[in-house]
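Notes to accompany the following structure.
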Amino acid sequence: MLDSALPSMLSSPLYLLAQEEPAIEGGFQMTALLNQALNGVGIVGILLLTALGLAITFGVMRIINLAHGEFIMLGAYITFWMQENFQMDLLMTIPFAFIGTALVGALVELTIIRRLYGRPLETLLATWGLSIVLQGVVKLIFTAQLKYVRAPDYLSGNVTFVSDPTGSPLVAISYYRLFIVVAALLLLGITMYLFYKTSWGRQIRAVTQNREMAKCLGVNTKLVDMGTFAYGCGLAGIAGAVISALKTVAPPMGQDYLVDAWMVVVTGGVDKLIGILAGSFLIGEANAIIAFILNDPTARVIVLASVIVLIRYRPEGLFTVQKRT
Amino acid sequence: MSQSRIFNNLSRRKFLQYSSLAAGTSVLAACGGGGGSDSQANLGENPIKVGVMYSTTGSIAIVEKSLQDATFLAIEQINTGTGPWEGNGEGIGGRKIERVVVNPNSDWDLYNQMSKRLIEEDQVVCVLGCYTSASRKSVLPVFEDTDSILYYPVYYEGNECSSNVFYTGAAPNQQITDSIPYAYENFGPRGFFIGSDYIYPKESNRIAIAELEKAGGQSVGDEYAALGTTEFITIINKIKAASPDFVLSNLVGDSIPAFYRQFKDAGVNAEDIPIMAYPTTEEEIQAMGSEYSAGHYTSFNYFQSVETPENEAFVSQFKEMFDDNRVTNGVMEAAYIQTFFMAQAMKDILEAGDEITTETLREATRGQEFNAPQGPVKMDPDNYHAWLYSRIGRWQEDGQAEIVFATESAVKPIPWSQALYQGRMCVHPTPDDRSDPTKETGEELEPVFL
């Protein structure tokens, strides 16, 4: 598919513009912008991956989970640990990252979250405390030093869509970033399947819609709650494992993803899982394009401010159907 | 349960209660971490109290913890009469160093509060600490108002001339001034400048750009990323679009491994666009994996690969005290050196039969010499910055640097970049004279070697 895209792109006006030698400045900018937009998709992939777990714990369960970033961090450390001790390939560690963080998530649900359902502010404080504790524990076990995670060799290199006459790539994206996008979409697909097509998913939705009724109908709501929270945490763990090879592995790393993940979930709306795809696409591409034209800190300010304005006028997010109450 | 129901239950007063509770907890958490001083057993009679102020929690902890480790190693060696302190007996003139450790939790305001506490409540004679320029700027008024002494171990952007700080890290002319002509001659005239978005990287890049223009080159772009950012594809794409001859990086902390990894992942070779960096040291290389750094450059006073007997001893003693996998780097070495500058000054004071006070410590620290791991260094008696070697290392596949440029001996520090402030220098007058130590000579200062 990539190969067939190439000829059509070569004849596209953008590329022809870049071919004109004298006007290289303008054309150069256009291909550079195209390259940036393509790599913005890579950013979208990371956002989607890191926000997916939050879409479950907040979007579905309405738990304000400020420790979400720390579950991402735990996933990254599990990958690091498995590599360090068993010389495992990064992809092989992903199931372990999922299971490990899901188990921690289940434990957290059992000991803390369960006691705080319906009390969002206490949950907020408790999960925030939890994030400090988790960072501290990881620091005690692994020390504060940055950790090295080996990226798989077969995912190094770039897919080039457009290159200049001398053969150096103008529009290209790395295999690893493509891999992240594919992994994120795959996980989103699996999650949607689980939620909308299986009986477990129906139970989850029943519990979130009407807990008492679901209980009366024989649904073990406590087990459903624990399972759902653990699943959301497990997804965060996968995110941590996958991004660990591209980012920095350190105890405070989760903080970096927490704000972005929240912005994605809030923008997309929490009623439909598919909303976070739109949310990550909007935020990721907006960030990429604005940062390219202006600069990175400014882009963050503009995007964050836009999200604030958005939730002022559409507190339920962009992709939530208005309901009668 | 709908979202609105949750939030409607929340009155304004309740919200204030909760949020103030949250704010209170964060202060408690920070204080808890930095609480009482840790106890060292058997300090004997009349120990000398020294403040050690590095963050071991928060975003800068990754770097500052290793500075604390190097400081602890030096104090341990002084208290036991081992390492460079061999032959001086245990402690300083029989008195051991009691370290009073605080943890400012990477919060600039807490540095200010905790330095006050160290000086006023714990009555320490001086403080070893700080890493970022932001934290140094935060504590500077405290040290000046109380007339106390801070030993600061970090390469920095210069432009300071305080009689309350001894700077053991590189001044601009010991790090930037040699690296830019090197990059100009070996890579080409077009530089792209990146950094984290705060004082040090911006000022350091401003100096580097001025140096590059002086050498005849030009800046083809400068970009800054928020502190702690780990997503660099935008900056990398801008670098690709500008196709410079080299990149000069002043990214710090967590951003460093992420940037180098994504740089290579985006298909840029070190042969095509090498990175010349200041804050990228052995520690960050270990974290990113040496395959990502191979072929890039760092300019620093010290590398773990420096071949001196002092360095061999330092590296092995450090590994012995902490962990065999640990590496040493230039900032840690500076933290180690400054502890010995302090101890030697205290020894001189006690041998002369004086009390250790700010006055005596300041006079005794001026001009101290030390056989450091990087080679013989000295504390400049006039401007309170250290004479240090200037070196450039090219990173190898094994994560160590091959030194491709080094001065013959330590270079005299000049706190003001001569490319920007021609002829400005810092000369602290005599103890009684507290007039402005900043002097203008009008002519560019030439390099002076030890």
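Taken in sequence, the protein lines are chains A and B. The opening residue of the first sequence carries number 1 in the working numbering; numbering runs sequentially from there. The opening residue of the second sequence carries number 1001 in the working numbering; numbering runs sequentially from there. Glycine included, every Cβ here is placed at the ideal spot set by N, Cα and C.
- contact_flag[the segment 1180–1199 of chain B, the segment 1112–1120 of chain B] where n(CB pairs < 8 Å) is 3 or more: no
*asked:* On the criterion of 16 or more Cβ atoms from any shown chain inside 10 Å, does Val137 of chain A qualify as buried, or is it exposed?
replied: The sequence position of residue 137 of chain A within the first sequence is 137, counting from 1. Exposed, since its Cβ has fewer than 16 Cβ neighbours within 10 Å.
For this session: Report the partner residues of Asp1128 of chain B according to the DSSP bridge assignment.
Result: Within the second sequence, residue 1128 of chain B is the residue found at index 128, counting from 1. As written in the sequence, residue 1128 of chain B is Leu, which differs from the Asp given in the question. Looking at the DSSP assignment, Leu1128 of chain B forms a beta bridge with B:Val1052, B:Tyr1151.
Notebook entry, point to check: At which residues does the alpha helix (DSSP H) containing Ser1135 of chain B begin and terminate?
Noted result: Along the second sequence, read from residue 1 onward, the residue named residue 1135 of chain B stands at position 135. Unbroken alpha helix (DSSP H) run through Ser1135 of chain B: 1133–1145.
Please decide whether Gln87 of chain A counts as near chain B, where near means a Cβ-Cβ distance under 8 Å.
-> If you number the first sequence from 1, residue 87 of chain A lands on position 87. Chain B contact via Cβ: absent.
### Task
Please check if any C-beta of chain A sits within less than 8 Å of the C-beta of Ser1059 of chain B.
Against the second sequence, residue 1059 of chain B aligns to sequence position 59. Closer than 8 Å: yes.
Is the Cβ of Asp225 of chain A closer than 8 Å to any Cβ of chain B?
-> The sequence position of residue 225 of chain A within the first sequence is 225, counting from 1. No, no contact with chain B.
Item to complete: Under the assumption that Ala1287 of chain B contacts Thr248 of chain A (Cβ atoms under 8 Å), give the Cβ distance between them as a whole number of angstroms.
Response: Locating residue 1287 of chain B in the second sequence gives position 287, counting from the first residue. Locating residue 248 of chain A in the first sequence gives position 248, counting from the first residue. Indeed they touch by this definition, with Cβ atoms about 7 Å apart.
* **Strand pairing of Trp1085 of chain B, partner residues [DSSP]** => The residue labelled residue 1085 of chain B in the question sits at position 85 within the second sequence. Partner(s): none; Trp1085 of chain B has no beta bridge.
Just the C-alpha distance for Ser1281 of chain B and Ala278 of chain A, rounded to the nearest angstrom, thanks. Taking the first residue of the second sequence as 1, we reach residue 1281 of chain B at position 281. Taking the first residue of the first sequence as 1, we reach residue 278 of chain A at position 278. Looking at the sequence shown, residue 1281 of chain B is not Ser but Thr. Answer to the nearest angstrom: the Cα atoms are 40 Å apart.
According to DSSP, is Glu1064 of chain B helix, strand or coil? As a first step, residue 1064 of chain B must be located in the second sequence, where it is residue number 64. Glu1064 of chain B falls in the helix class under three-state DSSP.
**Prompt:** Is there contact here, the segment 208–227 of chain A with the segment 120–128 of chain A, by at least three beta-carbon pairs under 8 Å?
**Reply:** no
Self-check item: Burial state of Met92 of chain A, where buried means 16 or more other Cβ atoms lie within 10 Å
Solution: Position 92 of the first sequence, counting from 1, holds the residue named residue 92 of chain A. Flag for Met92 of chain A reads exposed.
Open item on the list: Please list, in chain order, the residues of the segment 41–55 of chain A that have any C-beta partner in chain B closer than 9 Å.
Closed with: Gly42, Ile43, Ile46
Assign Cys216 of chain A to one of two classes, buried (16 or more other C-beta atoms within 10 Å of its C-beta) or exposed (fewer than that). Here residue 216 of chain A is taken as the residue at index 216 of the first sequence, counted from 1. By the neighbour-count rule (16 or more Cβ atoms within 10 Å), Cys216 of chain A is not buried but exposed.
Report task. Give the DSSP-derived three-state secondary structure of Ile173 of chain A in the structure shown. Result -> By 1-based counting over the first sequence, the position of residue 173 of chain A is 173. Strand.
Suppose the cutoff is 8 Å on Cβ atoms and the five residues either side in sequence are ignored; what does the same chain contact list for Val1306 of chain B look like? Position 306 of the second sequence, counting from 1, holds the residue named residue 1306 of chain B. Hits under 8 Å: Pro1373, Gln1374, Gly1375, Arg1391, Ile1403.
Margin query: What does the alpha-carbon distance come out to for the pair Glu316 of chain A and Lys272 of chain A?
Written below: As a first step, residue 316 of chain A must be located in the first sequence, where it is residue number 316. As a first step, residue 272 of chain A must be located in the first sequence, where it is residue number 272. Their backbone Cα atoms lie some 11 Å apart in a straight line.
### Inter-residue spacing [alpha-carbon to alpha-carbon] between Val309 of chain A and Met263 of chain A
For the purposes of this step, residue 309 of chain A is identified with residue 309 of the first sequence, where counting begins at 1. For the purposes of this step, residue 263 of chain A is identified with residue 263 of the first sequence, where counting begins at 1. For Val309 of chain A and Met263 of chain A, the distance between alpha carbons rounds to 12 Å.
Q: Have a look at the DSSP bridge pairing and note the partners of Asn1276 of chain B.
A: Within the second sequence, the letter at position 276 stands for residue 1276 of chain B. Sequence check: residue 1276 of chain B is Met here, not Asn. Partner(s): B:Leu1248, B:Tyr1297.
Exercise. Could you tell me whether the Cβ of Ala1183 of chain B comes closer than 8 Å to any Cβ of chain A?
Key: Your numbering for residue 1183 of chain B matches position 183 in the second sequence. No - not a single Cβ of chain A is within 8 Å of the one on Ala1183 of chain B.
Check your understanding: To which residues of the same chain is Pro1201 of chain B closer than 6 Å at the C-beta, ignoring the five residues directly before and after it?
Key -> By 1-based counting over the second sequence, the position of residue 1201 of chain B is 201. The answer, listed in chain order, is Gly1195, Asn1250.
task = Using only the heavy atoms of the ligand MG, determine whether one of them is closer than 7 Å to the beta carbon of Leu1150 of chain B.
result = Absent from the structure shown: the ligand MG. Ligands present: none.
With 8 Å as the threshold, decide whether the Cβ of Met253 of chain A is near any Cβ in chain B. Here residue 253 of chain A refers to the residue found at position 253 of the first sequence. For Met253 of chain A, the answer is yes, since a Cβ of chain B falls inside 8 Å of its Cβ.
- Is it buried or exposed for Ile1356 of chain B, if we count other Cβ within 10 angstroms and need 16 for buried? Translated into positions along the second sequence, residue 1356 of chain B becomes position 356. Flag for Ile1356 of chain B reads buried.
Check: So which of A:Gly275, A:Arg300, A:Phe58 has the shortest CA-CA distance to Leu318 of chain A?
Finding: Translated into positions along the first sequence, residue 318 of chain A becomes position 318. Nearest option by C-alpha distance: A:Gly275.
What do you get for Asn1260 of chain B, buried or exposed, if any count of 16 or more other CB atoms within 10 angstroms of its CB means buried? Here residue 1260 of chain B refers to the residue found at position 260 when the second sequence is read from its first residue. Per the sequence shown, the amino acid found at residue 1260 of chain B is Tyr instead of Asn. It counts as buried.
Check: Hey, out of B:Ala1171, B:Glu1076, B:Asn1079, whose CA is closest to Asn1301 of chain B's CA?
Finding: Looking up residue 1301 of chain B in the second sequence gives position 301. The shortest Cα separation from Asn1301 of chain B among B:Ala1171, B:Glu1076, B:Asn1079 belongs to B:Ala1171.
Item to check | Residue(s) in a DSSP beta bridge with Lys1378 of chain B | outcome: In the second sequence, the residue the question calls residue 1378 of chain B occupies position 378. Its beta-bridge partners are B:Glu1369, B:Trp1387.
> Counting pairs of beta carbons, one from the segment 171–179 of chain A and one from the segment 30–41 of chain A, are three or more of them closer than 8 Å?
Replying inline: yes
### Message
Strictly under 8 Å for the Cβ-Cβ distance: is Tyr1224 of chain B near chain A by that measure?
### Response
Counting from 1 along the second sequence, the entry for residue 1224 of chain B is found at position 224. Interface residue, yes.
_Can you list, in chain order, the residues of its chain with a C-beta nearer than 7 Å to that of Val159 of chain A? Leave out the 5 residues immediately preceding and following it._
As a working note, residue 159 of chain A is residue 159 in the first sequence. Closer than 7 Å at the Cβ level, and outside the excluded window around Val159 of chain A, lie Leu2, Ala172, Ile173, Tyr175, Leu178.
task: Would you list the residues sitting across from Tyr1224 of chain B in a DSSP beta bridge?
output: Working through the second sequence from its first residue, we reach residue 1224 of chain B at position 224. The partner list for Tyr1224 of chain B (beta bridge, DSSP) reads B:Gly1195.
* To do: Tell whether a beta-carbon distance below 8 Å holds between Ile1097 of chain B and Pro1141 of chain B.
  => Residue mapping note: residue 1097 of chain B aligns to position 97 of the second sequence, counting from 1. Residue mapping note: residue 1141 of chain B aligns to position 141 of the second sequence, counting from 1. Cβ atoms of Ile1097 of chain B and Pro1141 of chain B: not closer than 8 Å.
Q | At least 3 beta-carbon pairs within less than 8 Å: the segment 237–254 of chain A vs the segment 73–92 of chain A | A | yes
Open item on the list: Could you give the first and the last residue of the continuous alpha helix (DSSP H) run that contains Lys1319 of chain B?
Closed with: In the second sequence, residue 1319 of chain B corresponds to position 319, counting from 1. First-last of the alpha helix (DSSP H) with Lys1319 of chain B: 1309–1321.
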